[in-house]
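Asks: In this note's numbering, the protein residues as written are 171 to 1093. Please see the structure below; I have some questions.
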Amino acid sequence: MTDTTLTPQKLAPPGRGRRDRKAAELETRTRAAGERLARYSSLPGSQVLQDVRATVQGLRHDEAAHRLERHGANVVAHERAPRWFTQLAKAFVNPFIAVLVALDLVMLWQWLRAAGDEPFDPGIAILATMVLVSGALRFWQEYRSGRSAAALRALVTTTTAVQRRAGRGERPTTVEIPMDQVVPGDIVRLAAGDLVPADLRLLTAKDLMVGQAALSGESLPVAKADTRTHDYGQSATTDPVEADNLCLMGTTVTSGTATGVVVATGSDTYFGSMAGSLVGERPQTSFDTGVRKVSFLLIRFMLVMVPVVFAVNGFTKGDWDEAFMFALAVAVGLTPEMLPMVVTTNLARGAVAMSRRKVVVKRLNAIQNLGAMDVLCTDKTGTLTEDRIVLDRYLDVRGQEDTEVLEHAYLNAHFQTGLRNLMDQAVIDRVLEAEEVVVDARFTMVDEIPFDFARRRMSVVLNRNSLAAAPEPGEHIMITKGAVEEVLALCTHMTDRGQCVELTDELRREVTRTAEDHNRQGLRVLAVATRTLPAELPHSLNGMGGAPMVYTAADEAELTLIGFLAFLDPPKADAAQALQALADKGVTVKVVTGDNELVAARVCADVGIDVGEVVTGTRIDRLDDDELRALVRTTTLFAKTNPVQKARIVRALQAEGHTVGFLGDGINDAAALRDADVGISVDTAVDIAKESADIILLEKDLMVLEQGVEQGRTTFGNTIKYIKMTASSNFGNVFSVLVASAFIPFQPMLAIHLLVQNLAYDISQLATPWDRMDPDYLRKPRTWDAKGIARFMLCVGPISSVFDITTFLVMWHVFGADSEAHQTLFQSGWFVEGLLSQTLVVHMIRTRRIPFVQSRASAPVLVMTALVMAFGVFLPFSPLAHALSMEPLPMAYFPWLIGILLTYCALTQVVKTWYIRRFSTWL
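Listed below in structure tokens is the structure:
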């Protein structure tokens, strides 16, 4: 017999990535839990009790304690924040930090070897400081954000009511116990407002409505089976969320009461099956991949250039020890050692800026991913919509607005004595908001026929008081509100333009079409009907002296249909504006929801999303990965999707080369939040969604997203600015060193000169995170491009070499620095020109526009670069000059310097213009 059991190995065989295996594990666990629950749903209640070895009386206390020991606490696996020392260690895991540490160790070893002859090398302390500051900044920001996120963890209902017995033969009592102590076999009592503590098979239920938005994404509560009369189980279902005799962990009771037996706890629940696969190492994001590629590009470049410099100097000068030290200094100069610090400072500054907008950034890298995001997948309920039900329309039988329908619906909702459901409250709220005055004194409550799930309607019977000017005194009016199909079946007449007419088969079809048209628009439709009854002769008699009985469901007959009520979960006021702002920034929005396609399409239309073809989860299950990749390119709305399908959609978009964000707040969003490049949730989300997210919005303000995208692009722009400026300058310097080493009989610059020049330049770059970006740069998503950085280095880097060589020629021929006796003058002249050109070019590279004229750097950048340039000019004249083997430069040098720098800026602007035209990009 062929084994058809799905396992992670079958879904993701060996050779597939760890991420695929994790996704396969999630699908396997969820499917297994679903099948187990579907079996319980199909069995009679008595059989379920036997299977879990329980009785309707409840477990004994000692038996419950034994089961708790055996099954463990009723908690799901969740991602715990790492210990502070683990987080601190991870803050230093970076390829560039590894290079800096290696260079620092080599320099330390070199100094220790010659400790008796050489003073302490300040470069050792400088590199060590850069490493420590970079790691400490990242650790502190992420540690602080982690603590803020932990403080947001919702403390919803912490206890639940279960039925327990003291011993065999004892009467059961209802006790409140912590939710984590619920065990399989417990008999749980549910009431309105309760959080379902585990997966339950219902034994009894009355008027039970359960909110399942966290699991299914459906905004409206769903009705569960009324099992008071019989319980034979229901036909098998593949989705336990749809089973009407199951209540699943993580859902909430909105109305009614129920008793159920616990069939699964903790990680064995449907919720737990999803949570268990979301713990552990997170998948690589576009930021991680991009940084790694750029890092290794620059490291490879260094590994090629440094040996060449070492060989050229060794062969031409003959001093291999000096050549080694010079090559080491070149290695430090080539390494953008400030990169970890600049990146971390950029990200930390972005996190601080976003915190002012009430956003918690749990993972710093998410800020750059937010800027790189070009596709945002969003859930519907609670993100695009307000997650509340409102009465949108009150219509007559022809589909026209009619306040009489609203008034009758208000009377029905106002006078009922049971627990009002969300739609009753929506009717009352709408009347109050519309300032429709309904005076209670006009009517007196006579009786009500409560809602039940078999009839799917409820009625109130009112007495028209004399103030109401009833056409015939002594009459009662019955107002019935409920599901269209059930109410319509009881109607014999309808009110059409103020006239009561018989409801013929043709008219019945017409009014049914009216209701269906509004259903297709994503509205939940209820019917409203009335009946006038003689007060002295009720429809039902008890047969004993003609005394009147209470009104019953039998009286709900010969009704007159007056119209319909249409409800919806309205879109947020700022949703359309926020989505348009994202679209203007080059971010495509796709809706991925568990709700049905009609409701989802309606919400999308309301917020300005062009839906096109709607794809459901059932169709996604039939597609392989390649087919799904083709589908996600053109699909905007995915409906009726489960957690596995949502995560597959995210991965398919990433496979297409997109940087994907996911916005969600439910249990069913957790897997997608984790797989996305940037997961975004809200503070009212379920815990697992907040744990899976990278960014948490403290207020459900979608405009924050657009601001976050802009902040992310500014952060990335300043980071890439530093990389391109530093990498191109370093490449030009090394090229100049190679030329000088080949033709000049002495070192063109000492190792200490390179280190001081590099340190001074790096200090000027500390202000980069505070620079501004040009508006046109912020209009499109930005991602890491290692090839683009390499091309930029090769095109822009040699410009500085042209002017370095010009400086060599000026120092050699004009100022006579053409021998070892005058090498200090030569080295001082190149040091000043090299530092000033390297610092000045910051303003040339930071913008694609003309610097100082069309785009000006921020004040911190202007101040820092000016100070460093002043430092460079002053250093040969300072008391430190002798210690650094420098000497004062003649005044005649400076006109040459100004001419070289101005020509350098002009040529850089010309190359920039050509580069932008050739490659359509700059930063």
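Note that the Cβ used here is the ideal one computed from N, Cα and C, for glycine as well.
(1) Please report how far the alpha carbon of residue 766 lies from the alpha carbon of residue 827, in whole angstroms.
(2) Can you name, in chain order, every residue of its own chain whose Cβ lies under 6 Å from the Cβ of residue 638, other than the five neighbours on each side?
(3) May I ask you to verify whether the segment 841-849 touches the segment 812-829, counting CB pairs closer than 8 Å and requiring at least 3?
(4) Taking all protein chains shown into account, do 16 or more other C-beta atoms lie within 10 angstroms of the C-beta of residue 886, making it buried, or fewer, making it exposed?
(5) If you check the beta carbons only, do residue 379 and residue 304 fall under 9 Å apart?
(6) Within a Cβ cutoff of 6 Å, which residues of the same chain sit near residue 592, ignoring the five residues on either side of it in sequence?
(7) For residue 1090 and residue 1084, I'd like the C-alpha separation in whole angstroms.
(8) Just the Cα atoms here: how many angstroms apart are residue 738 and residue 576?
(9) Below 8 Å, can you find three or more Cβ-Cβ pairs linking the segment 228-241 to the segment 332-344?
(10) Taking Cβ positions, are residue 919 and residue 1016 nearer each other than 9 Å?
(11) Take the Cβ of residue 754 as the centre, count every other Cβ of all protein chains shown within 10 Å, and call the residue buried at 16 or more, exposed below.
(12) With distances taken from CA atoms, which of 268, 392, 237 and 266 is nearest residue 351?
(13) Would you check if there are 3 or more beta carbon pairs closer than 8 Å linking the segment 1016-1033 to the segment 940-959?
(14) With distance defined between alpha-carbon atoms, name the residue in 1005, 901 and 996 nearest to residue 964.
(15) Provide the residue(s) that pair with residue 629 in DSSP beta bridges, ordered along the chain.
(16) Do the CB positions of residue 296 and residue 929 come within less than 9 Å of each other?
(17) Would you please state the rounded distance, in angstroms, between the beta carbons of residue 939 and residue 519? I believe it to be under 8 Å.
(18) In this structure, how does DSSP classify residue 437 when only helix, strand and coil are distinguished?
(19) Just to confirm my understanding: we take residue 823, look at its own chain, exclude 5 residues before and 5 after, and list those with CB closer than 6 Å. What are they?
(20) Should residue 696 and residue 657 be called a contact, given that it needs their Cβ atoms to be closer than 9 Å?
(21) Have a look at residue 825 and residue 758 and give me their C-alpha separation to the nearest angstrom.
(22) Just verifying my parser: in three-state terms, what is the DSSP assignment at residue 477?
(23) Return the residue from the list 622, 912, 937 and 476 that minimises the CA-CA distance to residue 1029.
(24) Check this for me: beta carbons of residue 385 and residue 836, under 9 Å apart or not?
(25) Using the C-alpha atoms, what's the distance from residue 366 back to residue 360?
(26) Hey, out of 482, 809, 732 and 1092, whose CA is closest to residue 549's CA?
(27) Please list, in chain order, all residues of the same chain as residue 604 whose beta carbon is under 7 Å from its beta carbon, the five residues on each side excluded.
(28) Rounded C-beta distance between residue 410 and residue 204? I'm assuming under 8 Å.
(29) Within the continuous beta strand (DSSP E) that includes residue 898, where are the two ends?
(30) Looking only at its chain, what residues have a beta carbon closer than 7 Å to the beta carbon of residue 771, apart from the 5 residues adjacent to it on each side?
(31) One question on the structure: do residue 935 and residue 512 come within less than 9 Å of each other, judged by their Cβ atoms?
(32) Could you please give the first and the last residue of the uninterrupted alpha helix (DSSP H) stretch that includes residue 845?
(33) How about residue 542 and residue 954: do their beta carbons lie closer than 9 Å?
(34) Taking three-plus beta-carbon pairs below 8 Å as touching, is the segment 860-877 in contact with the segment 488-499?
(35) Count the other CB atoms within 10 Å of the CB of residue 663; is the residue buried (16 or more) or exposed (fewer)?
(36) Nearest-angstrom Cα distance between residue 703 and residue 728?
Replies: From the atom records:
(1) In this structure, the CA atom of residue 766 is about 29 Å from the CA atom of residue 827.
(2) Here residue 638 scores only 45 on pLDDT, less than 50, and its place in the model should not be relied on; the value that follows carries that caveat. When the five nearest sequence neighbours on each side are left out, the beta carbons in the same chain lying within less than 6 Å of the beta carbon of residue 638 are those of 612, in order along the chain.
(3) Verdict: yes, contact present.
(4) Sixteen is the threshold: when 16 or more other Cβ atoms of the shown chains lie within 10 Å of the Cβ of residue 886, as they do, the residue is buried.
(5) Remark: C-beta atoms of residue 379 and residue 304 do not approach each other more closely than 9 Å.
(6) Annotation for residue 592: 559 place their beta carbon closer than 6 Å to its own, counting only its chain and skipping 5 residues before and after.
(7) Just so you know, the alpha carbons of residue 1090 and residue 1084 end up roughly 10 Å apart.
(8) Inter-residue distance for residue 738 and residue 576 is about 16 Å (C-alpha atoms, whole angstroms).
(9) Segment contact: the segment 228-241 against the segment 332-344, three or more CB-CB distances shorter than 8 Å; contact assigned.
(10) No.
(11) Result: exposed.
(12) If we check each option's Cα against that of residue 351, 237 comes out closest.
(13) For the pair of segments examined, the segment 1016-1033 was found to touch the segment 940-959: the number of CB pairs separated by less than 8 Å reaches three.
(14) Here the closest residue by C-alpha is 901.
(15) BP columns for residue 629 point to 619 and 650.
(16) Yes. Within cutoff.
(17) Residue 939 to residue 519, Cβ: 5 Å. Contact.
(18) Residue 437 falls in the helix class under three-state DSSP.
(19) Taken in chain order, the residues that qualify are 545, 802 and 830.
(20) Yes, the Cβ-Cβ distance between residue 696 and residue 657 is below 9 Å.
(21) Roughly 16 Å separates the two Cα atoms.
(22) Judged by DSSP in its simplified three-state form, residue 477 adopts helix.
(23) Here the closest residue by C-alpha is 937.
(24) In this structure, residue 836 lies closer than 9 Å to residue 385 by Cβ.
(25) Distance between the alpha carbons of residue 360 and residue 366: 8 Å.
(26) Residue 809 is the option with its Cα nearest to residue 549.
(27) Confidence is the limiting factor: at residue 604 the pLDDT is only 44, short of 50, which leaves the residue's position unreliable, though a coordinate-based value still follows. Same-chain partners within the cutoff: there are none.
(28) Going by Cβ atoms, the distance from residue 410 to residue 204 rounds to 5 Å, so yes, they are a contact pair.
(29) Counting along the chain, residue 898 falls outside any beta strand (DSSP E), though it belongs to the alpha helix (DSSP H) covering 873-913.
(30) Counting only residues of its own chain and dropping the five nearest sequence neighbours on each side, residue 771 has a CB closer than 7 Å to the CB of 692, 781, 784 and 807.
(31) Yes.
(32) For residue 845, the uninterrupted alpha helix (DSSP H) run begins and ends at 840-845, by DSSP.
(33) Cβ distance < 9 Å, so residue 542 and residue 954 count as in contact.
(34) No: fewer than three Cβ pairs fall under 8 Å.
(35) By the 10 Å Cβ count, residue 663 comes out buried.
(36) The straight-line gap from Cα to Cα measures roughly 11 Å.
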